[in-house]
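Novice:
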Amino acid sequence: MTYISRRVVLFIITLWAAITLNFVLPRLMPGSPVDAALGKLAAAGVPITNAERNAIEIQLGMPHASLISQYGEYLRNIALLRFGTSYSYPTQTVAETIGKALPWTLELVGAATIFAFIIGTLLGIYAGWRRGTATDSSITVGATFFGAFPPFWLGLLLLYLLAFKFGWFPIKGGYDPGLTPTLSVSFMLNALWHSVLPALTMAITTLSGWVFGMRNNMINTLGEDFVTFAEANGLRARTVATLYAARNALLPNVTAFGLALGSVVGGSVLVEGVFSYPGVGGLLFIAVTNHDYPLMQALLLVFSLSMLVAIFIVDLLYVRLDPRVRR
Amino acid sequence: MTVLTAMPPPPEAPGRAANVRSGTASSVPGPLRFGGRAIRTIWSNGKARAGLIMLGLFICIAVFAPLIAPHSPTATSFTPYSGPTSTNWFGTTGNGQDVFSQLIYGSRVSLLVGFGAGALATLVAVTLGLIAGYRPGLVDELLGFVTNLALVIPALPLMIVLAAYLQGHSVWTIVLVVAFTSWATGARVIRSQTATLRTRDFVTSAVFSGERLLRVVFREILPNMTSLVAASFFAAATAAILAEASLEFLGLGNPATVSWGTILYAAEQQNALLTGQWLMVLAPGLAIALLMMSLTLINFGVDALSNPRLREK
């Protein structure tokens, strides 16, 4: 099988496994989410009848039918994107809620990751090239320190300093409370201004990963023969560093970039929670606080899917970048 | 007088000759000598030395907490919501508890959960990695698939969902949940390293000379992966400390336990930043960052153990 077809098959199988895992997990957990659900609905003013209880039990998979038919129902619902109704937002379906929140997270995560990738990789190249010197030590120690910051803590600090004390940035939300989301330039700018602090938080905390990855790759590549050969040929140090060493050392980092994009979607949970940002991370934050099981399940599926898709795209890209993989 | 004959190179720094068996018999047993050399190598790395010192400080604080903390962490006898005073150096919580004492005692939980979950995750990773790497074929493919699946599902959301479902709200729940979500990275690395070592000559000769499977794995393969396992452990412990703090911050832990994460949770609940109690937010987060940083710095030294190119000259 060619490389690409293998990747496609693997993607489909892993996707199926992730979906099934999402089905199995809540059924393995102890406790009754049904009562929690009914309690929430009662608090939201929905009348509890026997039909209501029945519906909740079916939705959450309490044994009314055999496991196989439940599973079939579950798969059908996923294919039709029917994830039920959320407790936190009872006026819309879970699919709608997630659909509204997803673009915000993608924009935030994309910006933060690209920024961290570029800066981190450049720092890593420099640190690896100047290995053993004070520059290298200061870069690595600095990266370790900033990388150890709990993201939510850094978010709180930035919020306090830059938003509360200095008032340079807004305190919460994705856009000013009075505005309605449109595609106008003024709205985009407002949204951008709101996204600076969360993006900065995520960028700073993920920076260290890129620095270390690139630095290690550089060190390994610099030990290779072709680098020595280039230096012996009299090429300038900077040429060797960029055109020869960095280009080859970059390869594993590109794979990691794809994985990072997928995983930072999940990592945005805490940062979006702290900043009350209207993305899917913030949704998970709200869902957990409200014991909103339908929303939680659907979000877990969305996170897994985004990771899978990111890995898949990177795998396809890798074939273009590394000819050794093609058979 | 000039020396015309070539002099042998000066003795290398201790730890470099780790693979060379000593010719003279020594009274110290092998594993202890190996451990001593390992610690010397780690100590000789500047960054790792700083990390070891920092970690030692934290362990001392945790062990001697009753002697260091001025008050009991759970005593609610102070004026709530107060800023730094002479009795409460870091202020008080909404329940009137002393933040500084909570900070001191909180180190115990963070260290316990960090090392506990890290050890558990590393144990699972080593077991599965060794099994998968040593026996190619169906078992390897299956375990590899499970590992990839565990890697695909993002750790933090899974942890959050599991902790929310379990509602166990004890420290051990958190240890289990964290370990359950972080074994996969280590397992993948150990599996690939085992697969590489499996093809080496010394393993083949051991198998041919009739050594049993368990002996081959634990006496031949595993000792050559010690630094990899150690690096895996420190990485897992670092992630576990952050994960524990994150889960506590979200209120998924037990709010009654005293840990750095619960201090931040309380701070968020009582809007400490808006009431001017920024020290209550700064201190626990800084403690978490420094503890994680110390483990990462130690890992620099462990990396140098396994990859001589990374050792500082």
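Taken in order, these protein sequences are the chains called A and B. Those letters in the first sequence? Residues 5 to 331, by our numbering. Those letters in the second sequence? Residues 112 to 424, by our numbering. Glycine residues also receive a C-beta, built at the ideal position from the N, C-alpha and C atoms.
Sort A:LEU106, A:GLY217 and A:PRO174 by Cα distance to ALA250 (chain A) and report the nearest one.
Specialist: Here residue 250 (chain A) is taken as the residue at index 246 of the first sequence, counted from 1. With distances taken between Cα atoms, ALA250 (chain A) lies closest to A:GLY217.
Novice: Is THR95 (chain A) helix, strand or coil by DSSP?
Specialist: Position 91 of the first sequence, counting from 1, holds the residue named residue 95 (chain A). In the structure shown, THR95 (chain A) sits in coil (DSSP, three-state: anything other than H, G, I, E or B).
Novice: Out of curiosity, what's the CA-to-CA distance linking ASN130 (chain B) and ASN335 (chain B)?
Specialist: Taking the first residue of the second sequence as 1, we reach residue 130 (chain B) at position 19. Taking the first residue of the second sequence as 1, we reach residue 335 (chain B) at position 224. Because the pLDDT of ASN130 (chain B) is 46, which lies under 50, any placement of that residue in the model is unreliable, and the question is left without a value.
Novice: Which value, in whole angstroms, describes the spacing of the CA atoms of LEU2 (chain A) and ARG10 (chain A)?
Specialist: Residue 2 (chain A) cannot be examined here, being either before or after the span of chain A that is shown, 5 to 331.
Novice: Can you list the beta strand (DSSP E) stretches of 3 or more residues lying completely in the region 155–210 of chain B, in chain order?
Specialist: As far as the region 155–210 of chain B is concerned, it has no whole beta strand (DSSP E) run of at least 3 residues.
Novice: Taking only beta-carbon atoms, is THR144 (chain A) less than 9 Å away from chain B?
Specialist: Indexing the first sequence from 1 puts residue 144 (chain A) at position 140. Yes, THR144 (chain A) lies at the interface with chain B (some Cβ there is under 9 Å from its Cβ).
Novice: For THR246 (chain A), which residues in the same chain have their Cβ closer than 8 Å to its Cβ, ignoring the five residues on either side in sequence?
Specialist: Numbered from 1 along the first sequence, position 242 holds the residue referred to as residue 246 (chain A). Contacts found: ILE129.
Novice: Per DSSP, what kind of secondary structure is THR89 (chain A) in: helix, strand or coil?
Specialist: By 1-based counting over the first sequence, the position of residue 89 (chain A) is 85. Three-state result, THR89 (chain A): strand.
Novice: Quick check on the DSSP output: the alpha helix (DSSP H) that includes TRP20 (chain A) runs from which residue to which?
Specialist: The residue you call residue 20 (chain A) lines up with position 16 of the first sequence. Segment 7–32, the alpha helix (DSSP H) holding TRP20 (chain A).
Novice: Buried or exposed: which applies to SER405 (chain B), given that a residue is buried once 16 or more other Cβ atoms fall within 10 Å of its Cβ?
Specialist: On the second sequence, position 294 is the one that residue 405 (chain B) refers to. Classification of SER405 (chain B): buried, given that the 10 Å Cβ count is 16 or more.
Novice: Would the beta-carbon of LEU426 (chain B) fall within 9 Å of that of PRO154 (chain A)?
Specialist: This structure gives no information on residue 426 (chain B), because the portion of chain B shown stretches from 112 to 424.
Novice: Going along chain A, which residues have a C-beta under 7 Å from MET403 (chain B)?
Specialist: Indexing the second sequence from 1 puts residue 403 (chain B) at position 292. Per Cβ cutoff of 7 Å: ALA152.
Novice: Where does PHE170 (chain A) fall in DSSP's three states?
Specialist: The count along the first sequence starts at 1 and reaches residue 170 (chain A) at position 166. Note: PHE170 (chain A) maps to coil in three-state DSSP.
Novice: Specify the secondary structure class of VAL263 (chain B) as computed by DSSP and reduced to three states.
Specialist: Counted from its first residue, the second sequence places residue 263 (chain B) at position 152. Three-state result, VAL263 (chain B): helix.
Novice: Thinking C-alpha only, which one of A:THR137, A:GLY146 and A:LEU71 is nearest ARG31 (chain A)?
Specialist: Position 27 of the first sequence, counted from the start, is the residue given in the question as residue 31 (chain A). When only C-alpha atoms are compared, the closest one is A:LEU71.
Novice: Which first and last residues belong to the alpha helix (DSSP H) in which ILE208 (chain A) is found?
Specialist: Walking along the first sequence from the start, residue 208 (chain A) turns up at place 204. Unbroken alpha helix (DSSP H) run through ILE208 (chain A): 189–226.
Novice: Starting from the C-beta of LYS158 (chain B), find all residues in its chain whose C-beta is less than 8 Å away, skip the five residues before and the five after it, and write them out in chain order.
Specialist: Position 47 of the second sequence holds residue 158 (chain B). LEU408, PHE411 and GLY412, listed in sequence order.
Novice: Given this structure, state the Cα-to-Cα distance separating VAL313 (chain A) from PRO247 (chain B), to the nearest angstrom.
Specialist: Start at 1 with the first residue of the first sequence, and residue 313 (chain A) comes out as number 309. Start at 1 with the first residue of the second sequence, and residue 247 (chain B) comes out as number 136. VAL313 (chain A) and PRO247 (chain B): Cα-Cα distance of roughly 28 Å.
Novice: Three or more C-beta pairs closer than 8 Å, one from the region 186–193 of chain B and one from the region 312–320 of chain B: is that the case here?
Specialist: Too few Cβ pairs lie closer than 8 Å, so no.
Novice: List, in chain order, every chain A residue whose beta-carbon is nearer than 7 Å to that of THR407 (chain B).
Specialist: Position 296 of the second sequence, counted from the first residue, corresponds to residue 407 (chain B). Near THR407 (chain B) (Cβ distances below 7 Å), the residues of chain A are THR148 and ALA152.
Novice: Quick check on DSSP: helix, strand or coil for ILE175 (chain A)?
Specialist: Taking the first residue of the first sequence as position 1, residue 175 (chain A) is located at position 171. DSSP places ILE175 (chain A) in coil when its eight states are reduced to three.
Novice: Report yes or no: is there a C-beta of chain A within less than 9 Å of the C-beta of ALA117 (chain B)?
Specialist: The residue you call residue 117 (chain B) lines up with position 6 of the second sequence. Here ALA117 (chain B) scores only 49 on pLDDT, less than 50, and its place in the model should not be relied on; the value that follows carries that caveat. So, not an interface residue.
Novice: With DSSP run on the structure shown, which of helix, strand or coil describes ILE52 (chain A)?
Specialist: Position 48 of the first sequence holds residue 52 (chain A). If DSSP states are grouped into helix, strand and coil, ILE52 (chain A) belongs with coil.
Novice: Three-state secondary structure (DSSP) at LEU305 (chain A)?
Specialist: Within the first sequence, the letter at position 301 stands for residue 305 (chain A). Note: LEU305 (chain A) maps to helix in three-state DSSP.
Novice: Is the distance from the Cβ of MET222 (chain A) to the Cβ of ALA131 (chain A) below 9 Å?
Specialist: Against the first sequence, residue 222 (chain A) aligns to sequence position 218. Against the first sequence, residue 131 (chain A) aligns to sequence position 127. Yes, they are a contact pair.
Novice: Let me make sure I understand the geometry here. Which of B:LEU269, B:LEU333, B:ILE374 and B:GLU379 has the alpha-carbon closest to that of VAL220 (chain B)?
Specialist: Looking up residue 220 (chain B) in the second sequence gives position 109. Among B:LEU269, B:LEU333, B:ILE374 and B:GLU379, the Cα nearest to that of VAL220 (chain B) is on B:ILE374.
Novice: Output needed in chain order: residues of the region 65–97 of chain A with a Cβ under 7 Å from some Cβ in chain B.
Specialist: Answer in chain order: no residues at all.
Novice: For a contact defined as C-beta to C-beta under 9 Å, what are the partners of MET311 (chain A) on chain B?
Specialist: Working through the first sequence from its first residue, we reach residue 311 (chain A) at position 307. The answer, in chain order, is LEU262, VAL263, ILE264 and PRO265.
Novice: For GLU235 (chain A) and ASN365 (chain B), I'd like the C-alpha separation in whole angstroms.
Specialist: The count along the first sequence starts at 1 and reaches residue 235 (chain A) at position 231. The count along the second sequence starts at 1 and reaches residue 365 (chain B) at position 254. Answer to the nearest angstrom: the Cα atoms are 59 Å apart.
Novice: Roughly how many angstroms lie between the CA atoms of THR137 (chain A) and THR144 (chain A), to the nearest whole one?
Specialist: Within the first sequence, residue 137 (chain A) is the residue found at index 133, counting from 1. Within the first sequence, residue 144 (chain A) is the residue found at index 140, counting from 1. So the alpha carbons of these two residues sit roughly 11 Å apart.
Novice: Using a C-beta cutoff of 9 Å, does VAL13 (chain A) count as contacting chain B?
Specialist: One-based indexing of the first sequence puts residue 13 (chain A) at position 9. Closer than 9 Å: no.
Novice: What first and last residue would you give for the alpha helix (DSSP H) that runs through VAL328 (chain B)?
Specialist: As a first step, residue 328 (chain B) must be located in the second sequence, where it is residue number 217. Segment: none, VAL328 (chain B) is in no alpha helix (DSSP H) and carries neither H nor E.
Novice: Give a yes or no on whether 9 Å exceeds the smallest Cβ distance from PRO247 (chain B) to chain A.
Specialist: In the second sequence, the residue the question calls residue 247 (chain B) occupies position 136. No, no contact with chain A.
Novice: Using 8 Å as the Cβ pair cut-off and three pairs as the minimum, do the region 201–208 of chain B and the region 151–169 of chain B touch?
Specialist: No, the region 201–208 of chain B is not in contact with the region 151–169 of chain B.
Novice: Would you identify the three-state DSSP class for GLY285 (chain A), choosing helix, strand or coil?
Specialist: What you label residue 285 (chain A) is simply residue 281 of the first sequence in a count that begins at 1. GLY285 (chain A) falls in the helix class under three-state DSSP.
Novice: Would you check whether the ligand COA has a heavy atom nearer than 8 Å to the C-beta of PHE201 (chain B)?
Specialist: Of ligands this structure carries none, so the ligand COA is not represented either.
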